[in-house]
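One structure is given here, and the rest of the page talks about it.
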Amino acid sequence: MADTNLERREGDPRAPAPRRRAVAPAVDVFENKDEYLILADVPGAARDRVNVHFEHGRLTLEAPREFTAPGPVLASEYAPADYHRSFALPQGVDAARIEAELVAGVLRIRLPKSDAVRPRRIAIKGG
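This is the structure we're talking about:
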């Protein structure tokens, strides 16, 4: 007789993988004449697992969050999740000079402007 139990059993390789919650990290975005600066809060993300890519004018950051809350209760803000945030950027970002660093749970992404879009002072000639 065939097994008609439709429940997924623990350890069943055919069972769908549990889905992790996606979290949009809080960010601050700044601009000056030379660059855009993005500061993203990604506590619990490991530097070697953070992925930042820039393609077709879109910056995307992704990172798994792997820590748990202290104590017996797992609060949602401490639950494992995946950080994901994407930004459409104006033209003129010098993609070859983008830099990112992660310090104390804050991801700092520097997006230098290309020389073509930086403001410049035009000299006035007399004559």
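Under the numbering used here, think of the first position of the sequence shown as 37, with each following residue one higher. Backbone N, C-alpha and C define an ideal beta-carbon position, used for all residues, glycine too.
Between residue i and residue j, is the Cβ-Cβ spacing less than 8 Å?
| i | j | result |
| --- | --- | --- |
| R121 | L147 | no |
| A81 | A99 | yes |
| L138 | R94 | no |
| A117 | V59 | yes |
| K69 | P126 | no |
| R57 | A115 | yes |
Do you know how far the Cα of residue j is from the Cα of residue i?
| i | j | result |
| --- | --- | --- |
| R133 | L73 | 13 Å |
| E135 | F90 | 11 Å |
| A152 | G128 | 7 Å |
| K149 | G163 | 34 Å |
| N87 | D64 | 18 Å |
| A159 | A131 | 29 Å |
Just mark residue i as buried or exposed, buried being the case when its beta carbon has 16 or more other beta carbons within 10 Å.
| i | result |
| --- | --- |
| R144 | exposed |
| A76 | buried |
| K161 | exposed |
| R18 | In this structure the chain extends from 37 to 163, so residue 18 is not present and cannot be described. |
Could you tell me whether any Cβ in chain B is nearer than 8 Å to the Cβ of residue i?
| i | result |
| --- | --- |
| F123 | Absent from the structure: chain B. Only one protein chain is present. |
Between which two residues does the beta strand (DSSP E) containing residue i stretch?
| i | result |
| --- | --- |
| L125 | Note, L125: premise wrong, no beta strand (DSSP E); not H, not E. |
| P148 | V142 to P148 |
| A76 | E71 to D77 |
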